[in-house]
Each structure stands twice: as structure tokens, then as C-alpha cells.
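A short write-up of the structure that comes next.
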DNA sequence: CAGTATCCCCAGCGATACTG
DNA sequence: CAGTATCGCTGGGGATACTG
């Protein structure tokens, strides 16, 4: 017990790296749209409300780089590019689904707690 | 099918709100340290490597506001303040654990894919 | 010990314009 | 259609100093 044991909250632990990877505004959402099969660039853009072209490109490139998504170019005019989850990407969907499930079943409680906290008179005893 | 159906990737969907909530640099890590029971402020600070005092306070306040964490002050000198997960917070641990499990079992593949992508000669045909 | 209060920087992101 | 390039802002967050 010299506390040299692995600290899961240390810098560079896998969890932290994953968080760096998916903890941005768009990654999880984009992965979600690819759940039901390959999608074209603009299909994803339409599905993920509010995303800019720049961020969609950037995030897709990062996902491709990390082996979570494939990019397939069809040589035709106008261009057609399809994005699809790799097996690795599909495997990541599982925990993400759990998270979405939690969100749909519990976020209301979170929001309610937030309202209560905001309305509570400043308790200065 | 007027596409007024609920779009899970739209603004203000629960998933998106959860992502806003936990998709920052510290929240998930802090919740993780509270997994095994209540912790004092500086205990958390030590466990979560690299966090600043400001961000720890700020994140804990947000967690408390959202009903995920309780804050208990013991009237003594020097001060002792303990943070603990609420039932709601504990329930969130479940999906987060799945995520951590994925991280420990798959992040190596992600990192390997990244290296491969970076070393690959620019394929310009 | 457990915080507040300030200052300040930079990277994440949006907006816009252009292209094969 | 599916991008690239550039500009510019803003707010997330670090560093530091101070306090009950």
C-alpha cells in the first residue's frame, strides 16, 4: 500500500484519455447518428442540430484517425462520402447507450434539483 | 413522418443536456473519486491529479446544485467538509463505470490506430 | 482546511468565404 | 456535395493571492 497503485484519476489513465476524446461538444452526438448505419456528410450535418461544417469535418477526421469511423469516398459527381462506425466504434456505442438511457430517465430529476437549488432562499444561518 | 418526431441529437434533448453537464474536464473524475464513500475537499483534490482549487470548488458546486452530490459541513476547527454522492449520483455511476470499462479495454486500440494514422504516408494518388 | 476573488490567456468553436 | 481556409470572439480554466 505504498500508494504507487494505479490511480484511475491520474493524468494519462485510459479513462482520462477517453474523456479527452469524447468529452467535447460533438463527438458523442456524431457517433450516435452513425448507429443505424453509414451516413453521408450532409446527412450527419442535418441530424446533429447546430453543428457547423467546420466542426463536423474536424470531428469526423479525429474519429477516423482514432479508428472509430471509416470514411468511404465514392468517385462520382457530385461527390458522395459515407461515414460508418468501425467495430471499435460500434463497441463504444454500448456504454454510450447506457449513458443516453440514464439521460432520458434521470435528467428530469437533475433539472428539477437545479431549479430547487436556484429558487432556494440563500440559507444564511 | 413529418419529422416532428423526437430527434435525439437536437438541441435540448436529455442526452445533450447530460453531455453539457458531464462533458467537461473534471466532473466525471470527481464523481469517480466519490464512488467508495464520502471524501473531503482536499482528498478529492489530491485524487484528481492536476485539478485546480478553483475548478474543484466550481465543479462540486455544480454537482450539488444538480442534486448529484451532497455537501456536509462539520462545525469544527479546522473546517471539515465532506462530499458524497446522492442516490441520483450513485445511479449515474453505473453508466460511467461502463465507460471506464470500455476505456481500460479499448483505449489502447484507439491510441494504436492514431499512431498508425499519423505515421501513414500521405496517400496522394 | 476549505474555500473566494482576480487577472489573464488561449484553444475551441462559430461565421464567412471560397473550391474541386 | 463535401469539403478547405481564415478571422475573430468568448468563456473555460489555470495561476496567484487572500480569508474565516
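Protein chains in written order, with full-length UniProt numbering: chain X, 1 to 125; chain R, 1 to 125. Glycine included, each C-beta is placed from N, C-alpha and C at the ideal position.
If you draw a straight line from the alpha carbon of residue i to that of residue j, how long is it in whole angstroms?
i	j	result
residue 96 of chain X	residue 95 of chain R	8 Å
residue 86 of chain R	residue 92 of chain R	10 Å
residue 11 of chain R	residue 19 of chain R	11 Å
residue 54 of chain R	residue 29 of chain X	29 Å
residue 40 of chain R	residue 76 of chain R	14 Å
Residue i lies in the beta strand (DSSP E); which residues open and close that run?
i	result
residue 72 of chain X	69-74
residue 49 of chain R	Segment: none, residue 49 of chain R is in no beta strand (DSSP E) and carries neither H nor E.
Does the CB of residue i have a neighbour CB from chain R at under 8 Å?
i	result
residue 15 of chain X	yes
residue 33 of chain X	yes
residue 39 of chain X	no
residue 56 of chain X	no
residue 4 of chain X	With a pLDDT of only 38 at residue 4 of chain X, under 50, the local geometry of the prediction cannot be trusted, and no value is derived from it.
residue 42 of chain X	no
Counting along the chain, where does the alpha helix (DSSP H) carrying residue i start and finish?
i	result
residue 19 of chain R	14-22
residue 10 of chain R	From DSSP, residue 10 of chain R is part of no alpha helix (DSSP H); its letter is neither H nor E.
residue 101 of chain X	87-119
residue 31 of chain X	27-33
Beta-carbon of residue i versus every beta-carbon of chain X: anything under 8 Å?
i	result
residue 50 of chain R	yes
residue 75 of chain R	no
residue 66 of chain R	yes
residue 79 of chain R	no
residue 24 of chain R	yes
residue 69 of chain R	no
**Item:** Residues, ordered as in the chain, of the stretch 101-114 of chain X that lie near chain R by beta-carbon distance below 9 Å
**Value:** 101, 102, 103, 104, 105, 106, 107, 108, 109, 110, 111, 112, 113 and 114
**Request:** State whether the stretch 108-123 of chain R contacts the stretch 42-51 of chain R, with contact taken as three or more CB pairs (one from each stretch) at a distance under 8 Å.
**Result:** no
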